[in-house]
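Notes for the one structure printed next.
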Amino acid sequence: MFNYLVEYFKNIAKHKTPVLVIDELQMIGDLEINGKLIYKLFNFFIGLTKELHICHVFALSSDSLFIEKVYNEAILKERCRYVLVDEFDEKTTLKFLEKYKVGEDEQDLSRNCLGGKPGMLTSFINTSNRKDFVEDVLTKRKGDIEELIFSLEDKNTAMFEKIINVFKNFINAESVKYKYITDEIRLLVGENIIFVDPYKKIMRMQSKTDLLAVREILKELK
């Protein structure tokens, strides 16, 4: 298969530089075909880009733990560049909301509670009662996180306490540095509550909604 693709890209490269995009790469992370398929793919990507110089490759993943693992693989050292595709910043969020005629009060509501995730902003714009929508989103997310952590309190008290300590980092901060991926960070990333940036060694909540939900949970624990 790889030989066929090399020839395919060579033919295209005679006229223009092709771009190969692989989305959700983590889906084949543990797949084995005469060894780990992921390593065969890495070697294939390196061959296309650094040896043959016939193609650009973008390998995408929404799993930040997988990204962290891939980024630190020895085979890719100095052979790849990490690019974070993030949510909208505040300026872009406001421009997006203004484009759809969202008033200033509702812009503030969205910015303060939902952040800049395009999908969430689209749902906010399209709903008939935006205040109720935001309250429902926050209530549901808080309940989801409570279900996870308080179910651990009886099963694994030590892990529960470690998770609460991770959460406490975000009482007055939106992002914090980490030294390495601990078990509690791994669990929270796997549950899509925390995002880790392996390049900057920074962790943050997956969304503004998660941040507000966690802060509310911590207030109730006092």
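Per my numbering, the very first residue in the sequence shown carries number 1162; after that it's consecutive. We put the CB at the ideal spot given by N, CA and C, even for glycine.
Identity of the residue in L1382, D1191, A1174, K1369 nearest P1279 by Cα: K1369
Status (buried if at least 16 other CB within 10 Å, exposed otherwise) for S1289: exposed
Inter-residue CB distance, C1216 and L1245 (contact presumed, cutoff 8 Å): That belief does not hold up - the Cβ atoms of C1216 and L1245 are roughly 22 Å apart, past 8 Å.
Nearest residue (CA-CA) to K1303, options D1315, K1380, V1231, K1230: Nearest C-alpha to K1303: K1380.
DSSP beta-bridge partners of K1361: Looking at the DSSP assignment, K1361 forms no beta bridge with any residue, so it has no partner.
Endpoints, alpha helix (DSSP H) assigned at L1181: Not the alpha helix (DSSP H): L1181 falls in the beta strand (DSSP E), residues 1180-1183.
Bridge partner(s) assigned by DSSP for F1356: R1365
Cβ pair F1285, L1275 closer than 9 Å: yes
Endpoints, alpha helix (DSSP H) assigned at V1295: 1291-1316
Inter-stretch contact at 8 Å, needing at least 3 Cβ pairs: the region 1326-1341 / the region 1358-1367: yes
N- and C-terminal bounds of the alpha helix (DSSP H) containing S1225: Note, S1225: alpha helix (DSSP H), 1225-1232.
When Y1232, G1277, N1273 are compared against F1249, the one with the closest alpha-carbon: G1277
Under the three-state DSSP convention, the category F1328 falls into: helix
Three or more C-beta pairs below 8 Å linking the region 1220-1228 and the region 1258-1274: With the cut-off at 8 Å, the region 1220-1228 and the region 1258-1274 do not touch.
Beta carbon of V1327 nearer than 9 Å to that of I1346: yes
R1240 burial status per 10 Å Cβ neighbour count (16 or more: buried): Answer is exposed; the Cβ neighbour count stays below 16.
Nearest residue (CA-CA) to V1375, options Y1341, T1343, F1170, I1325: V1375 has its Cα closest to that of I1325, out of Y1341, T1343, F1170, I1325.
Alpha-carbon to alpha-carbon, K1340 and K1316: 27 Å
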